[in-house]
Amino acid sequence: MTVDLDRELIATLVRTSDAELFRQLVEHYQDRVFRLVASVLGPYSEADAEEVTQEVFLRVYRQLKGFRGDSKFSTWLYRVAYRRALDRKQLARHRLPHASDEALVNVAGADNPFEQAARAQQGARVAACMEALPDLYRTVLYLRYWLDCPVEEIAELIQAPAGTVKSYLARARQRVERELEKSGHV
Amino acid sequence: MSRDPIRETLAGRRPPRLSPHFASRLLRTLPEPSRGVSASTKALSSAALLAVSLLLALADWPSWLSATAILMSPLAALALLAPARMAAGIAAVFVVLLREEGRK
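Order-wise, the sequence lines are chains A and B. 13 is the number of the first residue of the first sequence in our numbering; add one for each residue after it. 37 is the number of the first residue of the second sequence in our numbering; add one for each residue after it.
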């Protein structure tokens with residue numbers, strides 16, 4: 013699946029930094045960049061995702077002159093987005109070391125208080141396990157199961173073949189399930 | 037317990053959406069492009085320099101100063117490329133020449 017903008021448009025934009033062309037570029041890529049950023053930050057820091065997405069585009073605009081076209085524009089853009097999001101994630105970790113408390117609040121569809129409590133406990137444990145995953149595993153997991161991205165889009169966002177994405181997903185699930193088994197939640 | 041705890045946990049969190057006017061708001065925060073001297077300012081300053089140079093060349097000045105002024109005319113035309121630096125350079129040359137003339 014290719015979603016790259018016309019090379020000519022990118023070349024003109026790099027040469028002129030024209031704001032109207034930049035608007036076209038933002039409108040073309042904004043949702044994908046936002047999903048990538050949100051998946052790195054996770055479901056417990058989604059408020060920051062739009063702010064980081066804005067920072068990503070501003071940084072790219074300022075550094076347009078430095079884009080030499082050795083790689084695809086989207087590759088560069090997603091790399092900038094992933095790095096910026098990871099930086100913000102690190103900051104968020106220092107500020108809010110535990111996301112589990114928020115997960116406790118988010119219990120839907122439970123019929124009675126006991127079931128509600130059990131689900132809340134499991135939700136908190138699963139959230140903690142996912143947050144403990146390596147960055148790339150956690151990102152693909154959130155992209156697939158939270159943001160509902162097709163594997164092909166995830167492959168484009170993390171610049172990896174679709175087969176690798178499937179393998180990351182399988183390994184991430186295994187790790188979470190193993191951790192849950194250890195703690196007796198599965 | 038759930039058969040797929042990951043899906044179940046994440047299903048409760050609605051995916052965030054980018055606000056509808058994201059691109060417009062972003063564009064308002066873009067840094068201003070560097071404001072160079074406008075084309076009309078360049079043309080005006082170059083025309084003024086040319087006029088001054090020609091007046092000096094035609095005036096009843098010592099021949100060496102007139103010759104210098106004549107040489108300055110094409111330089112003033114080049115000021116179209118870098119008006120500020122060129123104007124400063126030409127002004128400096130004239131000041132030196134006029135001071136020299138004043139000493140005599």
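No residue lacks a Cβ here, since even glycine has one placed at the ideal position from N, Cα and C.
Within-8 Å CB hit, residue 52 (chain B) to chain A = Along the second sequence, read from residue 1 onward, the residue named residue 52 (chain B) stands at position 16. Closer than 8 Å to some Cβ of chain A, the Cβ of residue 52 (chain B) qualifies, so yes.
State the Cα-Cα distance for the pair residue 55 (chain A) and residue 80 (chain B), rounded to the nearest angstrom.
-> Walking along the first sequence from the start, residue 55 (chain A) turns up at place 43. Walking along the second sequence from the start, residue 80 (chain B) turns up at place 44. Between residue 55 (chain A) and residue 80 (chain B), the C-alpha separation is close to 60 Å.
Status (buried if at least 16 other CB within 10 Å, exposed otherwise) for residue 41 (chain B) = Stepping through the second sequence from its first residue, residue 41 (chain B) is reached at position 5. Under this definition residue 41 (chain B) is a buried residue.
Cα separation between residue 184 (chain A) and residue 76 (chain A)?
-> The count along the first sequence starts at 1 and reaches residue 184 (chain A) at position 172. The count along the first sequence starts at 1 and reaches residue 76 (chain A) at position 64. Rounded to the nearest angstrom, the two C-alpha atoms are 35 Å apart.
Residue 56 (chain B) CB to nearest chain A CB: under 8 Å?
-> Position 20 of the second sequence, counted from the start, is the residue given in the question as residue 56 (chain B). Not closer than 8 Å to any Cβ of chain A, the Cβ of residue 56 (chain B) fails to qualify, so no.
For residue 65 (chain A), return the contacting residues in chain B, with the cut-off set at a CB-CB distance below 9 Å.
-> In the first sequence, the residue the question calls residue 65 (chain A) occupies position 53. Within 9 Å Cβ-Cβ: 54, 58 and 62.
Sort A:147, A:48, A:43 and A:164 by Cα distance to residue 57 (chain B) and report the nearest one.
-> On the second sequence, residue 57 (chain B) is found 21 positions in, with the first residue counted as 1. A check of alpha carbon separations from residue 57 (chain B) across A:147, A:48, A:43 and A:164 identifies A:43 as the nearest.
Shorter than 8 Å from the beta carbon of residue 49 (chain B) to some beta carbon of chain A?
-> Walking along the second sequence from the start, residue 49 (chain B) turns up at place 13. True, the Cβ-Cβ gap to chain A drops below 8 Å.
Short-range partners of chain B found in the region 56 to 83 of chain A, where Cβ spacing is below 9 Å = Against chain B - using a Cβ distance shorter than 9 Å - the residues of the region 56 to 83 of chain A are 56, 58, 59, 61, 62, 65, 66, 69, 70, 73 and 74.
Could you give the distance in angstroms between the alpha-carbon of residue 64 (chain B) and the alpha-carbon of residue 193 (chain A)?
-> Here residue 64 (chain B) is taken as the residue at index 28 of the second sequence, counted from 1. Here residue 193 (chain A) is taken as the residue at index 181 of the first sequence, counted from 1. Looking at the two C-alpha atoms, the distance is approximately 51 Å.
From residue 87 (chain B) to residue 133 (chain B), what does the alpha carbon distance come to, in whole angstroms?
-> Taking the first residue of the second sequence as position 1, residue 87 (chain B) is located at position 51. Taking the first residue of the second sequence as position 1, residue 133 (chain B) is located at position 97. Cα to Cα, residue 87 (chain B) sits roughly 18 Å from residue 133 (chain B).
Within the same chain, show all residues whose beta-carbon is closer than 6 Å to that of residue 26 (chain A), passing over the 5 residues directly before and after it, in chain order.
-> By 1-based counting over the first sequence, the position of residue 26 (chain A) is 14. Taken in chain order, the residues that qualify are 76 and 79.
Expressed to the nearest angstrom, what Euclidean distance is found between the alpha-carbon atoms of residue 19 (chain A) and residue 88 (chain A)?
-> Stepping through the first sequence from its first residue, residue 19 (chain A) is reached at position 7. Stepping through the first sequence from its first residue, residue 88 (chain A) is reached at position 76. Roughly 14 Å between the two C-alpha positions.
Kindly say whether residue 127 (chain A), judged by its beta-carbon, lies nearer than 8 Å to any beta-carbon of chain B.
-> In the first sequence, counting from the first residue as 1, residue 127 (chain A) sits at position 115. It does not: the Cβ of residue 127 (chain A) has no partner Cβ on chain B nearer than 8 Å.
C-beta neighbour in chain B for residue 134 (chain A), strict 8 Å = For this step, residue 134 (chain A) is matched to residue 122 along the first sequence. Output row for residue 134 (chain A): interface = yes.
CB-CB under 8 Å to residue 47 (chain B), same chain, minus the five flanking residues each way: which ones, in chain order?
-> By 1-based counting over the second sequence, the position of residue 47 (chain B) is 11. Cβ within range, chain order: n/a, list empty.
Does DSSP put residue 43 (chain A) in a helix, a strand or coil?
-> Translated into the one-based positions of the first sequence, residue 43 (chain A) becomes position 31. In the structure shown, residue 43 (chain A) sits in a helix (DSSP, three-state: H, G or I).
Chain B contact residues for residue 147 (chain A), given Cβ-Cβ distances below 7 Å = Stepping through the first sequence from its first residue, residue 147 (chain A) is reached at position 135. Neighbours of residue 147 (chain A) on chain B: none; closest Cβ ~17 Å, over 7 Å.
Does the beta carbon of residue 50 (chain A) come closer than 8 Å to any beta carbon on chain B?
-> What you label residue 50 (chain A) is simply residue 38 of the first sequence in a count that begins at 1. Yes - at least one Cβ of chain B is within 8 Å of the one on residue 50 (chain A).
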